[in-house]
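The working numbering puts the first residue of the sequence shown at 50, with every later residue one more than the last.
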Amino acid sequence: MPVYIAKQALVDGISSLPYYEYLFTVLKVAPWLVLLYLLKLYSGGATNTSERLMHSKVVMITASLSVIVLSCIVNSHSQGGTSGIGAEIARGLATRGAQIILLTQHSITDPFLVDYIDDLRTSTNNELINAERVDLSSLHSIRVFATKWVDNAPPRRLDMLILCGNTLTPRGGKIS
50 MPVYIAKQAL VDGISSLPYY EYLFTVLKVA PWLVLLYLLK LYSGGATNTS
100 ERLMHSKVVM ITASLSVIVL SCIVNSHSQG GTSGIGAEIA RGLATRGAQI
150 ILLTQHSITD PFLVDYIDDL RTSTNNELIN AERVDLSSLH SIRVFATKWV
200 DNAPPRRLDM LILCGNTLTP RGGKIS
């Protein structure tokens, strides 16, 4: 069909083309549409669809019932890295091969925590998922944990710290 239209334009003239009266309007608008499309592509920035492998990266995710943000103690009622978005972050990082350390104030032998870590290890095929006990509402507990982490031989590394805690306060209550 395009060959037939091109032959008709050459033999009979351009005025014999279908929709000839709209041709000049289309020729005036088309460059602006192309320019807008190119501007949209340019202003969209770089895109990267690859998934970054996290092998040899150590990630701590708070999975406790409290969070410390810039030494301001905030009590919350979330489960952090073991439920909600924290669990999905832990699963995504473990799938990519990161070593996950869940910080929890519960006992390491808590059946829920043990089952959760076992399920996470099997579903992501990553055995580098552990839990450490630290109460993030106690500065003493944080100092003991940090000292144990730093003084370990051979030295441990830490690449990422994710604070997954929600701050819920009672109605009319203040965050202290």
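All C-beta atoms, glycine included, are put in the ideal place defined by N, C-alpha and C.
Owing to the predicted nature of the structure, the values given are computational and were not obtained by experimental measurement.
*asked:* Determine whether the beta carbon atoms of residue 83 and residue 206 lie at a separation below 8 Å.
replied: no
*Taking C-beta to C-beta, are residue 109 and residue 152 nearer than 8 Å?*
yes
Would you tell me roughly how many angstroms separate the C-alpha atoms of residue 67 and residue 77, rounded to the nearest one? 18 Å
- [ ] Could you spell out where the alpha helix (DSSP H) holding residue 79 opens and where it closes?
- [x] 72-92
Report the rounded CA-to-CA distance for residue 166 versus residue 156, giving the unit in angstroms.
13 Å
C-alpha distance - residue 40 paired with residue 95, whole-angstrom precision: This structure cannot settle anything about residue 40, because the visible part of the chain is limited to 50 through 225.
key: Neighbourhood of residue 210 by C-beta distance below 6 Å, restricted to the same chain and skipping five residues each side   = 109
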